[in-house]
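Residue numbers (this note's numbering): 17 to 325.
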């Protein structure tokens with residue numbers, strides 16, 4: 017049996033069972049996650065355990081650049097790590113790192129979100145309750161129907177059509193300010209044929225009175241107000257000649273696009289409406305030339321010939 021010296025055991029990094037071909041392999045000890053332990057020497061149990069394997073530390077810079085200190089290559093043995101960490105260069109670099117405000121060292125608790133307002137919680141609960149009630153009603157309604165696929169398709173088709181009708185009514189309410197349910201497609205009302213000889217709807221007296229009133233505003237230089245007055249009188253003509261056409265929520269542009277208006281009357285009314293829109297909503301000035309064009313359009317609109325289909 018070969019007896020190895022202490023120096024050879026301390027320097028060699030391999031276990032004794034792996035260094036000689038004349039040595040028989042021994043049973044491996046079970047793997048342990050703990051710190052490594054020195055193998056007991058053979059033949060002499062009174063020897064002290066060898067020092068751990070030396071591992072060099074390569075040179076590195078602390079702090080970066082020329083300002084950082086430089087730690088020379090050293091060998092950590094026993095308490096060597098503590099001696100390296102206690103060097104002045106390492107302490108200075110650690111203090112500089114701690115003084116850097118861009119690096120966070122302390123954990124900060126996140127700011128809790130603000131509490132949900134009471135009205136929002138109440139609204140969410142109300143919507144949830146309504147949705148649950150609708151779901152229960154639909155479930156009961158579906159239980160009454162026979163277990164046929166076409167019956168359920170019919171049920172959901174009716175529910176979808178009802179929801180679309182409600183959405184359409186809401187949009188009409190937002191656009192025109194009145195509740196209107198969708199109507200089936202109707203045939204356009206044909207404009208009645210008017211004749212120069214039989215024209216009971218035409219009365220020249222009111223037209224002349226309205227023109228005199230508008231001319232008075234134009235004579236004072238208030239051309240925009242005069243054109244606006246002509247638009248009001250034109251709307252009254254539309255209501256008188258086409259009953260049911262004028263609604264409180266309709267705009268002048270929508271009235272001009274009505275299919276029941278004859279082309280000539282539509283063009284004259286649309287020209288007056290565009291002039292008033294530019295002056296009233298666009299802030300454009302109305303001069304005497306614009307006023308004369310609007311007056312001529314209204315005079316033509318008031319004639320029975322403009323209402324022929």
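From the three backbone atoms N, C-alpha and C, an ideal C-beta is built for every residue, glycine too.
Counting only residues of its own chain and dropping the five nearest sequence neighbours on each side, residue 322 has a CB closer than 8 Å to the CB of 278, 280, 281, 284, 316. Residues 243, 244, 247 of the same chain have their beta carbon placed closer than 6 Å to that of residue 292, with the five preceding and five following residues left out of the count. Taking C-beta atoms as the reference points, residue 253 and residue 287 fail to come closer than 7 Å. The Cβ-Cβ distance between residue 249 and residue 226 falls below 7 Å.
Taking a C-beta distance under 7 Å as the contact criterion, residue 240 and residue 302 qualify as a contact pair.
Residue 104: member of the alpha helix (DSSP H) spanning 104 to 115, first to last residue. Only exposed fits residue 183, as fewer than 16 other CB atoms lie within 10 angstroms of its CB.
For the pair residue 128 and residue 298, the Cα-to-Cα distance works out to about 49 Å. Around the beta carbon of residue 135, fewer than 16 other beta carbons sit within 10 angstroms, so the residue counts as exposed. When secondary structure is reduced to three states using DSSP, residue 279 falls in the helix class. Counted as a single uninterrupted DSSP element, the alpha helix (DSSP H) harbouring residue 309 occupies residues 304 to 317. Under the 10 Å beta carbon count, residue 142 is surrounded by fewer than 16 other beta carbons and is classified as exposed. In the three-state scheme derived from DSSP, where H, G and I count as helix and E and B as strand, residue 322 is classed as helix. Per DSSP, reduced to three states, the secondary structure at residue 227 is helical. Residue 274 and residue 173 have their C-alpha atoms spaced approximately 32 Å apart.
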